[in-house]
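Enquirer:
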Amino acid sequence: MRIAGAVALVTGASSGVGRATACALAGRGATLLLHGRDRTALSEVADRTGGSVLIQELAEPGAARRLADQVSAAGTGVVDILVANAGAGFAGEFSTMDEDAPERMIAANLTAPVELTRLVLPGMLERGRGSIVFVTSIAGRAGVAGEAVYAATKAGLDIFAESLRLELRGTGVDVGVLVPGVVATRFFDRRGRPYGRAKPRPLPAEAAAAALVRIIETGRAETYLPGWLRLPVAVRSIAPGLYRRLAGRFGGS
16 MRIAGAVALV
26 TGASSGVGRA
36 TACALAGRGA
46 TLLLHGRDRT
56 ALSEVADRTG
66 GSVLIQELAE
76 PGAARRLADQ
86 VSAAGTGVVD
96 ILVANAGAGF
106 AGEFSTMDED
116 APERMIAANL
126 TAPVELTRLV
136 LPGMLERGRG
146 SIVFVTSIAG
156 RAGVAGEAVY
166 AATKAGLDIF
176 AESLRLELRG
186 TGVDVGVLVP
196 GVVATRFFDR
206 RGRPYGRAKP
216 RPLPAEAAAA
226 ALVRIIETGR
236 AETYLPGWLR
246 LPVAVRSIAP
256 GLYRRLAGRF
266 GGS
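Here it is as structure tokens:
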């Protein structure tokens, strides 16, 4: 898809991968709609990209509809590119999660992007062009100890994207997923436990943004970042017993 002249909605654009993606898309001539929760940080991104600031808490009921209404109020009237990047995480034993934490994580990571897609998709289909890219996670492909709910939300988003891609074949609307491993953002601090492993080393957010842009431009169905992450997913599929033994020995986050 041609990015220049397109209207792109990027969720979670105030920092990390979302911020880097917004800047990359602006550099290619897109008009930006910037979603986030931190108005100050988001305003800084808007100053750099010329984008419009849209504040919304996606874990709250009805957030996707309110965000779509904000998009309409911003004056563009259309969304050509949706980058569903916003999400929340938790690291720790499932039994220790706060009572409302699973529901809020499911709402932010799965319900909101699914509902937002439903709201922007009709316009894309009417125009016969569009690109929807979801940021999932290797946790959703392979499972990670201490991230059971997070992994489940990303797995759900992953299969939603795959099913939607098949449904939209031939319509001019592309659906892709970025499947990242460890990216150097504040996500790991916010989830309650910093990333503490020596390997793999966290990749810069700009690398994830570049991969997202390539997905949009090429219509590619999926991209692993880094590419070798395909290997553990393949081992899990072909030899699940071996995978579980290795995960038990080397797993963790």
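The sequence shown lines up with residues 16 to 268 when you count with our numbering. Note that the Cβ used here is the ideal one computed from N, Cα and C, for glycine as well.
What residues in its chain sit with their C-beta under 7 Å from that of residue 168, if we drop five residues either side in the sequence?
Expert: Cβ neighbours of residue 168 beyond the five flanking positions: 120, 121, 124 and 125.
Enquirer: Runs of 3 residues minimum, wholly inside the region 121 to 158: which ones carry the beta strand (DSSP E) assignment?
Expert: Listed in chain order, the complete beta strand (DSSP E) runs (minimum 3 residues) inside the region 121 to 158 are 145 to 150.
Enquirer: Which first and last residues belong to the beta strand (DSSP E) in which residue 240 is found?
Expert: Its beta strand (DSSP E) spans residues 237 to 240.
Enquirer: Please classify residue 141: is it buried, with 16 or more other beta-carbons within 10 angstroms of its beta-carbon, or exposed?
Expert: With fewer than 16 Cβ atoms within 10 Å of its Cβ, residue 141 is classed as exposed.
Enquirer: So what does residue 191 bridge to, in DSSP terms?
Expert: Note: residue 191 sits in a beta bridge opposite 148.
Enquirer: Distance, Cα to Cα, residue 36 vs residue 48?
Expert: The straight-line gap from Cα to Cα measures roughly 12 Å.
Enquirer: Report all residues from its chain with a CB closer than 7 Å to the CB of residue 129; omit the five preceding and five following residues, and keep chain order.
Expert: Correct list, in chain order: 175.
Enquirer: Any contact between the region 235 to 246 and the region 191 to 198? By contact I mean 3 or more CB pairs, one from each, below 8 Å.
Expert: Cβ pair count under 8 Å is three or more, so yes.
Enquirer: Pull up the distance between the alpha-carbon of residue 110 and that of residue 104, whole angstroms please.
Expert: Those two C-alpha atoms are separated by around 15 Å.
Enquirer: Where do the N-terminal and C-terminal ends of the alpha helix (DSSP H) with residue 166 fall, by residue?
Expert: Residues 163 to 182.
Enquirer: Return yes when the Cβ of residue 188 is within less than 8 Å of the Cβ of residue 100, no when it is not.
Expert: Their beta carbons are not under 8 Å apart, which means residue 100 does not touch residue 188 by this criterion.
Enquirer: Under the assumption that residue 45 contacts residue 21 (Cβ atoms under 8 Å), give the Cβ distance between them as a whole number of angstroms.
Expert: The pair is a contact, with the Cβ atoms about 5 Å apart (cut-off 8 Å).
Enquirer: Going by Cα to Cα distance, which pick from 97, 228 and 224 is closest to residue 131?
Expert: The shortest C-alpha separation from residue 131 is found at 97.
Enquirer: Could you please give me the residues that DSSP links to residue 35 through a beta bridge?
Expert: Paired residues: none, contrary to the question.
Enquirer: Closer than 6 Å by C-beta to residue 67: which residues in its own chain qualify, once you throw out the five before and the five after it? Chain order, please.
Expert: Here the set comprises 48 and 89.
Enquirer: If I'm right that residue 151 touches residue 192 with Cβ under 8 Å, what's the distance once you round it to whole angstroms?
Expert: Contact flag correct, Cβ pair sits at about 5 Å.
Enquirer: In the structure shown, what three-state DSSP assignment does residue 26 receive?
Expert: Three-state result, residue 26: coil.
Enquirer: The alpha helix (DSSP H) spanning residue 70 covers which residue range?
Expert: No alpha helix (DSSP H) contains residue 70, which is instead part of the beta strand (DSSP E) from 67 to 70.
Enquirer: Would you mind giving the Cβ-Cβ distance between residue 179 and residue 190, rounded to the nearest angstrom? I have them listed as a contact below 8 Å.
Expert: Right, the Cβ-Cβ distance comes to about 5 Å (below 8 Å), so this counts as a contact.
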